[in-house]
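Its first residue numbered 2, the sequence shown is counted upward by one per residue in my numbering.
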Amino acid sequence: MNVETWWTWRPGWFRLRLCGDVLLVHEEYAHASGVRRGRCFDRRTGLPLGPPFTTQEIVCLAEIPGHGPGPVLAHLVPETLVLSDPCDGTERGRIALPALGNPRALDDMHIARVGGRDLLHLFGDGAHGRSEWSTVPVDGTEPDPARSDSFRLYGTGRERLALDGGYLVVPAEEQRIHVGEEAVDVFEEPCSLLYRVDDGAFLGQCEAGGGGEAVVATVAGKSYLAQGSRLFSVPDLAELATGRALRHAEARALTEWEGRPVGLWSRRRDDVPIVPGRHHPLRLSYCFLDELPVAPGSGPTEIPWNVPGDLHDLLVVGERRIAVATSEGLFVLDV
2 MNVETWWTWR PGWFRLRLCG DVLLVHEEYA HASGVRRGRC FDRRTGLPLG PPFTTQEIVC
62 LAEIPGHGPG PVLAHLVPET LVLSDPCDGT ERGRIALPAL GNPRALDDMH IARVGGRDLL
122 HLFGDGAHGR SEWSTVPVDG TEPDPARSDS FRLYGTGRER LALDGGYLVV PAEEQRIHVG
182 EEAVDVFEEP CSLLYRVDDG AFLGQCEAGG GGEAVVATVA GKSYLAQGSR LFSVPDLAEL
242 ATGRALRHAE ARALTEWEGR PVGLWSRRRD DVPIVPGRHH PLRLSYCFLD ELPVAPGSGP
302 TEIPWNVPGD LHDLLVVGER RIAVATSEGL FVLDV
């Protein structure tokens, strides 16, 4: 195994996005100054494509015809999609989107090509205290109301869409009622809502498996949804039998290695004493999904590397190559 350090930073919370050969590292929460740090890298070589830059908004990467070559950074201001150079953040162009409105309540955004059109997939606060996802065509045409939905999302920190392989997963909550001898308790249970990207059709929901963010992908010819320690087939949302192998693990990515489907997980190291004031060490592991359920006593293959600091995000950037963003920096592992 080989580990490379691509970028280190002062404290913040960083996310990873990948489009083509461009890997974007971007700060999710703005500082008191109102800026977020970002930088782009060539995912093949690890070389930075330019110096660090700052933005005031959430950004994503996308390839948009007429605004290349290659991916561009995209962010939103009222009624406008702003496109920038991934090397240094300088502006390349603007696309007027009158249907967009004011995106101040935005928590996440993606641009995906659907049926030959580029659609903005937006996630954030909606009307009447509910959350919502919606789509806005980048060509300026009117949004399709069928490609949107609203739902309850009050008491959870899961604020990202999972979009890949023709499927969209949205974090939500289901209200549960417990009737006791002396009181009636109402509480919110995290769940995930599954939609088909082509037409926005709702396909079903599943429990969130202890929270955490969902990942969805079509790999090696099959589609999966993973969240927490749970793994489902898509679109039927049948839970795949994993026994105790993934207990206390948290799903991080779904990918394909050597033509086979692979799941990547993180898990706390139980063999290390907890030191007050310090991060509890994490280890990453992987398993081939076509080998599930695993035999008794076996489980995912552990990667012998302690994740430094808090684990923020993880992306697969090549065959057996993993980019990991933590509170201490950006690290790339060849497994």
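Each residue gets a CB set at the ideal place from its N, CA and C atoms; glycine is no exception.
With the cut-off set at 9 Å, would you say F54 and G39 are in Cβ contact? yes
Can you tell me the Cα-Cα spacing of D86 and D109, whole angstroms? 20 Å
In angstroms, rounded to a whole number, what distance separates the CA positions of E257 and A221? 6 Å
Provide the residue span of the beta strand (DSSP E) that contains V137, from first to last. S132 to P138
Name the DSSP bridge partner or partners of P191? E174
For F233, which residues from the same chain have a beta carbon less than 8 Å from its beta carbon, with the 5 sequence-adjacent residues on both sides left out? C207, Y225, L226, A227, A239, E240 and L241
Environment of H281 [buried if 16+ CB atoms lie within 10 Å]: exposed
Measuring alpha carbon to alpha carbon, tell me which of L290, T142, A147 and K223 ends up nearest A252. L290
Around the Cβ of G201, are there at least 16 other Cβ atoms within 10 angstroms (buried) or fewer (exposed)? buried
What is the DSSP secondary structure of L285, counted as helix, strand or coil? strand
Taking C-beta to C-beta, are W14 and E5 nearer than 9 Å? no
When the distance is taken between beta carbons, is L25 closer than 9 Å to L62? yes
If you measure between the beta carbons of R44 and A326, is that distance less than 9 Å? no
Count the other CB atoms within 10 Å of the CB of G203; is the residue buried (16 or more) or exposed (fewer)? The sequence shown places Phe at residue 203, not Gly. Exposed: under 16 other Cβ atoms inside 10 Å.
How many Å lie between V333 and G300 at the Cα? 24 Å
Evaluate L316 with the Cβ neighbour count: other Cβ atoms within 10 Å of its Cβ, from every protein chain shown; 16 or more gives buried, anything less gives exposed. buried
State buried or exposed for Y287, treating a residue as buried only when at least 16 other CB atoms are found within 10 Å of its CB. buried
When you compare only the Cα positions, how much space is there between D65 and D272? Here residue 65 turns out to be Ile, not Asp, going by the sequence shown. Near 48 Å, if we compare the C-alpha coordinates of D272 and I65.
Please list, in chain order, all residues of the same chain as A31 whose beta carbon is under 6 Å from its beta carbon, the five residues on each side excluded. R37
Spatial neighbours of W134 within its chain, please: CB distance less than 7 Å, with the 5 preceding and 5 following residues excluded, ordered by chain position. H122, L123, F124, S149, D150, L162 and V171
Hey, quick one: how far does the beta strand (DSSP E) through V78 stretch, first residue to last? V73 to V78
What are the boundary residues of the beta strand (DSSP E) that A113 is part of? L107 to V115
Closest by C-alpha distance to G90, when choosing among G330, P79, L74 and L98: L74
For P99, three-class secondary structure by DSSP: helix
Compare the beta carbon distance of L120 and T136 with 9 Å and say whether it is the shorter of the two. yes
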